[in-house]
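Peer 1: What follows is a single structure, and I will ask about it in a moment.
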Amino acid sequence: MARRLSYSARFDFSAEKLHEAQMERQYWQDLADGFRMLTPISELDEFSSGPDGMRVVLKQAITRDMLPPVAQTVMMKDMMITRVETLGSYHPEETPGTYTASIPAGPGSLTGEQVLFPTETGCTLRKTTEVKVYIPFVNAKLEQLMLINLVDLFRAEAEYSQFWVGKHLV
Numbered sequence: 334m335a336r337r338l339s340y341s342a343r344f345d346f347s348a349e350k351l352h353e354a355q356m357e358r359q360y361w362q363d364l365a366d367g368f369r370m371l372t373p374i375s376e377l378d379e380f381s382s383g384p385d386g387m388r389v390v391l392k393q394a395i396t397r398d399m400l401p402p403v404a405q406t407v408m409m410k411d412m413m414i415t416r417v418e419t420l421g422s423y424h425p426e427e428t429p430g431t432y433t434a435s436i437p438a439g440p441g442s443l444t445g446e447q448v449l450f451p452t453e454t455g456c457t458l459r460k461t462t463e464v465k466v467y468i469p470f471v472n473a474k475l476e477q478l479m480l481i482n483l484v485d486l487f488r489a490e491a492e493y494s495q496f497w498v499g500k501h502l503v
């Protein structure tokens, strides 16, 4: 059974500013560089932006010894995570996007939709995620673990976005 998570990050600047940041390669390169403090391999693999929006591919390795014991029971090697994120062209009411994360020969899937929209005090980026693990007996534990870690990741990325936009665009 898949598990779902909805997470909203609120910002004190406009949706247009956050969209502008995510349309810049340097925003994603700085994010990948920051991940290197946590994991040995983190790279911006692909980036494109244009009138239809942006698409980015990030790759990050998490060494097996960094995984919780329950995850180590199913992952015999380091995890190489490939993350693909999109955000459409800016629309003043709401800008949609998607994201996925995959692990070669991994035990499950992670997909999501995101929407960027203005608020009275700035903007919100809402992410709705679905995770599914295909291994009997440990699937529920691993799905819950993935969601907990996603909340931490989304919080950290929201803090990063707040900092990056404040430093580069405001």
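In the numbering used here, the protein residues as written are 334 to 503. Quick reminder that beta carbons are idealized off the backbone N, C-alpha and C, glycines included. For clarity, every value in this text was computed on a predicted model and none was experimentally measured.
Is the beta carbon of Thr-428 closer than 8 Å to that of Thr-444?
Peer 2: Not closer than 8 Å, so no.
Peer 1: Beta carbon of Val-390, beta carbon of Thr-431: below 8 Å?
Peer 2: No; because the gap between Cβ atoms is not below 8 Å, this pair is not in contact.
Peer 1: Under 8 Å between the Cβ atoms of Phe-346 and Val-484?
Peer 2: Not in contact: Phe-346 and Val-484 (Cβ atoms no closer than 8 Å).
Peer 1: Just verifying my parser: in three-state terms, what is the DSSP assignment at Ala-473?
Peer 2: Helix.
Peer 1: For the beta strand (DSSP E) that Glu-376 lies in, which residues bound it at each end?
Peer 2: Unbroken beta strand (DSSP E) run through Glu-376: 375–383.
Peer 1: Are the beta-carbon atoms of Gly-441 and Leu-475 separated by less than 8 Å?
Peer 2: Cβ distance < 8 Å, so Gly-441 and Leu-475 count as in contact.
Peer 1: Using the rule of at least 16 other Cβ atoms within 10 Å of the residue's Cβ for burial, across every protein chain shown, is Gln-447 buried or exposed?
Peer 2: Under this definition Gln-447 is a buried residue.
Peer 1: Can you name the start and end residues of the alpha helix (DSSP H) that Phe-368 belongs to?
Peer 2: Run containing Phe-368: 358–368, per the alpha helix (DSSP H) assignment.
Peer 1: Cutting at 7 Å between CB atoms, please list the residues of its own chain near Val-466, excluding the five before and the five after it.
Peer 2: Contacts found: Pro-440, Gly-441, Asn-472, Leu-475, Glu-476.
Peer 1: Look up Met-301 in the DSSP assignment and give the residues it is bridged to.
Peer 2: With the chain covering 334 to 503 only, the question about residue 301 has no answer from this structure.
Peer 1: Per DSSP, what are the beta-bridge partners of Gln-447 in this structure?
Peer 2: In DSSP, Gln-447 forms a bridge with Gly-430, Lys-460.
Peer 1: Does chain B have any CB closer than 8 Å to the CB of Ala-438?
Peer 2: Structure shown: chain B not included; a single protein chain is present.
Peer 1: Please report the Cβ distance between Ala-354 and Leu-502, rounded to the nearest whole angstrom; I am assuming they are in contact, meaning their Cβ atoms lie under 8 Å.
Peer 2: Yes, Ala-354 and Leu-502 are in contact; Cβ-Cβ is about 6 Å, under 8 Å.
Peer 1: So what does DSSP say about Val-498, is it helix, strand or coil?
Peer 2: Helix.
Peer 1: Can you tell me which of the three DSSP states Ala-342 falls into?
Peer 2: Three-state DSSP puts Ala-342 in a strand.
Peer 1: Cutting at 6 Å between CB atoms, please list the residues of its own chain near Ala-342, excluding the five before and the five after it.
Peer 2: If we look at Ala-342 and ignore the five residues flanking it on each side, its Cβ neighbours are Leu-458, Ala-491.
Peer 1: Whose CA, out of Lys-460, Pro-469, Thr-454, lies closest to the CA of Leu-420?
Peer 2: Among Lys-460, Pro-469, Thr-454, the Cα nearest to that of Leu-420 belongs to Lys-460.
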